[in-house]
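Sequential numbering of the sequence shown, starting at 9, is according to our numbering. For glycine and all other residues, C-beta sits at the position ideal for the given N, C-alpha and C. Here the structure is laid out as structure tokens; the discussion comes afterwards.
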Amino acid sequence: MNRDVGLSRLAGEQFDVVVIGGGATGLGAAVDAGSRGYRTALIEAADFGSATSSRSTKLVHGGVRYLEQGNVGLVREALRERSTLLRNAPHLIHDLAFVVPAYRRFDLAFYAVGLKVYDALAGRTEFPRSHVVSPADARTLIPALAPNGLRGAVVYHDGQFDDARLALALARTAVDHGAAVANYVRATGFFYDSAGRVTGVDAVDAESGAQLTVRARAVINATGIFADTMRTLDDPAARPLLAHSRGSHIVVSSAALGSAAALLVPKTSDGRVLFALPWHERTIVGTTDVPVDAPERDPKPSADEIAYLLATVNRYLEAPLAQRDILAVFAGLRPLIRRGATSTARLSREHLVDVSRSGIVTIAGGKWTTYRKMAQDAVDAAARSAGLGASPSRTVSLPLHGAQHDTPDNVLLREYGTDAANVLQLVAADATLATRLDPRLPYTEAQVVYAVRAEMARTVEDVLARRTRALVLDAGAARAAGPRVAALMSAELGRRVTPPPGTPP
Ligand SMILES: Cc1cc2nc3c(=O)[nH]c(=O)nc-3n(C[C@H](O)[C@H](O)[C@H](O)COP(=O)(O)OP(=O)(O)OC[C@H]3O[C@@H](n4cnc5c(N)ncnc54)[C@H](O)[C@@H]3O)c2cc1C
């Protein structure tokens with residue numbers, strides 16, 4: 009995947025579909041459109057997945073909370089997508105056991121029945137069915153669980169994934185299917201034919217400052233929390249479709265749970281659920297739900313949210329966690345559909361497709377888990393709106409870039425799938441690239457070089473936050489690795505790359 013190739017194609021070709029936004033939804037739309045045979049382009053203002061799509065709780069799930077709310081249709085759809093994703097990207101998704109502890113007998117029965125319904129909605133699936141376990145077995149699964157008064161637990165299964173790596177796999181799949189793709193290209197406006205129909209996007213290359221025009225018969229606005237901003241560029245009177253809510257996470261050591269299973273806190277003080285999840289040899293605890301007025305690119309957890317996360321999970325742990333145990337924090341903004349939002353085609357309670365008078369298709373809301381279905385709905389609407397020749401979606405059975413079902417030899421490179429061999433080849437050619445970026449991190453210099461050569465990494469943050477997940481696993485260690493990553497990237501790109509502020513010289 010090469011940015012220069014993407015840029016020159018964007019400026020030079022006539023496309024059927026241009027997608028604005030390289031998060032889960034936009035990348036999914038580019039994969040969908042490209043694999044249908046449409047000439048497809050995608051531009052992303054910053055890095056792939058850098059907004060909401062790399063800041064999720066990293067679950068591919070039906071959502072037990074939605075079940076509690078009685079949203080059966082949504083849960084069924086998401087569970088179907090869970091299986092589809094496991095089939096198409098086995099290198100990026102895996103099964104995870106969740107332990108739901110119960111300290112009252114009634115709760116145990118209630119959770120057991122609820123999760124049987126969850127199993128039933130999943131239908132035939134690769135994920136194991138739920139079952140009740142004794143207090144002793146619950147503590148074998150999660151040794152850190154508070155033992156006092158524990159009556160038992162229900163164990164159920166869902167999917168877990170690496171969100172930024174899946175975003176990248178989608179970008180590469182889109183390119184594999186002929187799409188022209190570039191990061192750090194921002195859409196700044198639209199242009200129209202004499203009848204007022206949109207015929208393309210004005211954009212700027214954030215690296216060079218150069219303006220470019222991307223000509224396309226259909227335009228898909230998949231800019232997530234920024235979707236209303238784009239809509240008002242088309243129609244200043246457009247009524248907002250979205251509201252935003254922040255969800256925060258803390259990351260602590262894997263010893264916090266001491267297990268390969270996750271903990272689900274079934275009821276928090278604000279009536280939600282909370283997860284403590286093993287992930288990349290750490291534990292992620294999240295999340296919160298704080299309404300925010302305006303979209304922002306790099307939201308941060310507040311001190312109150314961090315205190316709430318610690319206090320809530322501590323109620324279930326034998327040895328409480330403290331502020332000093334926190335290795336990193338991250339937050340994302342949910343693009344939520346406003347109550348009463350009108351649209352030309354409201355497709356589910358969770359996501360919507362809106363087609364403007366000029367023909368721009370906006371796809372918004374939803375979940376990572378349902379990105380494929382959202383993408384399909386958006387491309388269907390774009391094809392109808394622009395009169396593209398009918399071509400059905402193929403993504404239900406389309407393997408994503410790197411897909412492989414075998415367990416890889418090098419587990420640290422599992423998420424590269426078939427590309428792991430290419431990373432190892434770099435080390436075979438230059439053994440110094442096997443050097444770790446930091447003793448506290450599992451990443452090597454070879455992954456930095458590969459990120460630049462094959463994964464369109466342009467900044468140190470691209471590498472530390474998304475090509476690797478160093479910034480999520482251990483912010484201090486990631487900062488320490490910054491200068492070395494910058495040096496490797498400078499050599500690869502032939503220009504000076506600087507580490508982000510706050511990294512040691
Ligand atoms: C805290 C939290 C936890 C979550 N956990 C889960 C979970 O566990 N499982 C799950 O299924 N879902 C989860 N979700 C939901 C999921 O993360 C989102 O639904 C999904 O990532 C949204 O993707 P998107 O592509 O629509 O938006 P985004 O990822 O925000 O992508 C939009 C992109 O558009 C780009 N853009 C904006 N303006 C322009 C422009 N002018 N030109 C070009 N590009 C532009 C942005 O830079 C951005 O990259 C969670 C969400 C949050 C906030």
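Check                                                                                                                                                         : Outcome
From this set, L94, S62 and T452, which residue's C-alpha is nearest V68's C-alpha?                                                                           : L94
Apply the 10 Å Cβ neighbour rule to E21 and answer buried if 16 or more other Cβ atoms are within range, or exposed otherwise.                                : exposed
What are the boundary residues of the beta strand (DSSP E) that includes Y74?                                                                                 : Y74 -> not in any beta strand (DSSP E); alpha helix (DSSP H) instead, spanning V72 to E76.
Just the C-alpha distance for S256 and A203, rounded to the nearest angstrom, thanks.                                                                         : 45 Å
Alpha carbon to alpha carbon, how far is V25 from Y46? Give it in angstroms, no decimals.                                                                     : 7 Å
Assign P4 to one of three DSSP states: helix, strand, or coil.                                                                                                : Nothing about residue 4 can be reported from this structure: the residues present for the chain run from 9 to 513 only.
Residues in the same chain with beta-carbon distance under 6 Å from M464, minus the five sequence neighbours each way, listed in chain order, please.         : M9, R11 and N191
Helix or strand or just coil, what does DSSP make of A501?                                                                                                    : What sits at residue 501 in the sequence shown is Leu, not Ala. The answer is helix: DSSP assigns L501 an H, G or I state.
With a cut-off of 8 Å, does the C-beta of A489 fall near any C-beta of chain D?                                                                               : Checking the listed chains, one finds no chain D in this structure; it contains a single protein chain.
Can you pull the DSSP bridge partners for L329?                                                                                                               : None, per the DSSP bridge assignment.
Leaving out the 5 sequence neighbours to the left and right, which residues in its chain are closer than 7 Å to L100 when beta-carbon positions are compared? : F169, D170, R173, L174, A177 and E423
Verify whether the separation of the beta carbon atoms of G160 and L116 is less than 8 Å.                                                                     : yes
Quick check for students: name the residue ranges of the alpha helix (DSSP H) that lie wholly in the segment 424-503, counting only runs of 4 or more.        : 428-437, 453-462, 478-481 and 483-501
State the CB to CB distance for the pair L129 and L87, rounded to an integer number of angstroms; the pair is presumed to be in contact (CB under 8 Å).       : 6 Å
With a threshold of 7 Å, establish whether the CB of P343 neighbours any heavy atom of ligand 1.                                                              : yes
Classify G279 as buried or exposed, calling it buried when 16 or more other Cβ atoms lie within 10 Å of its own Cβ.                                           : exposed
In chain order, which beta strand (DSSP E) runs of at least 3 residues are fully inside the segment 117-167?                                                  : 139-141
Please check the pair V457 and L496, which I expect to be a contact at CB under 8 Å, by giving their CB distance rounded to whole angstroms.                  : 6 Å
Does the distance between the C-beta of T476 and the nearest non-hydrogen atom of ligand 1 fall short of 7 Å?                                                 : no
Below 7 Å CB to CB, which residues in the same chain sit around Y324 once its five sequence neighbours on both sides are set aside?                           : P109, L153, A154, L271 and V273
Buried or exposed for F114, please, with buried defined as at least 16 other CB atoms from any protein chain shown within 10 angstroms of its CB.             : exposed
Please determine if the segment 238-257 and the segment 290-303 are in contact, where contact requires at least 3 C-beta pairs separated by less than 8 Å.    : yes
Among F198, V206, L421 and G71, whose alpha-carbon lies nearest the alpha-carbon of H165?                                                                     : G71
At the level of alpha carbons, what is the spacing between S277 and A269?                                                                                     : 23 Å
Less than 6 Å between C-beta atoms, sequence neighbours within five positions excluded: which residues of the same chain meet that for A471?                  : What sits at residue 471 in the sequence shown is Val, not Ala. Cβ neighbours of V471 beyond the five flanking positions: V456, A459, A465 and V493.
Once you ignore the five residues that flank E469 on each side, which residues in its own chain have a CB closer than 7 Å to its CB?                          : P508
May I ask you to report which of helix, strand or coil DSSP gives R223?                                                                                       : strand
What would DSSP say about Y379, mapped onto helix, strand or coil?                                                                                            : helix
Should H99 be listed as close to ligand 1, given that the test is whether its C-beta is under 7 Å from any heavy atom?                                        : no
Leaving out the 5 sequence neighbours to the left and right, which residues in its chain are closer than 7 Å to L501 when beta-carbon positions are compared? : V460
Considering only heavy atoms of ligand 1, does any lie closer than 7 Å to the CB of W287?                                                                     : no
Between which two residues does the alpha helix (DSSP H) harbouring D103 extend?                                                                              : Run containing D103: none in the alpha helix (DSSP H); it sits in the beta strand (DSSP E), I101 to A110.
Would you tell me roughly how many angstroms separate the C-alpha atoms of T443 and L434, rounded to the nearest one?                                         : 12 Å
Regarding R63 and ligand 1, is the C-beta to nearest heavy atom distance less than 7 Å?                                                                       : yes
How about V68: is its Cβ closer than 7 Å to a heavy atom in ligand 1?                                                                                         : yes
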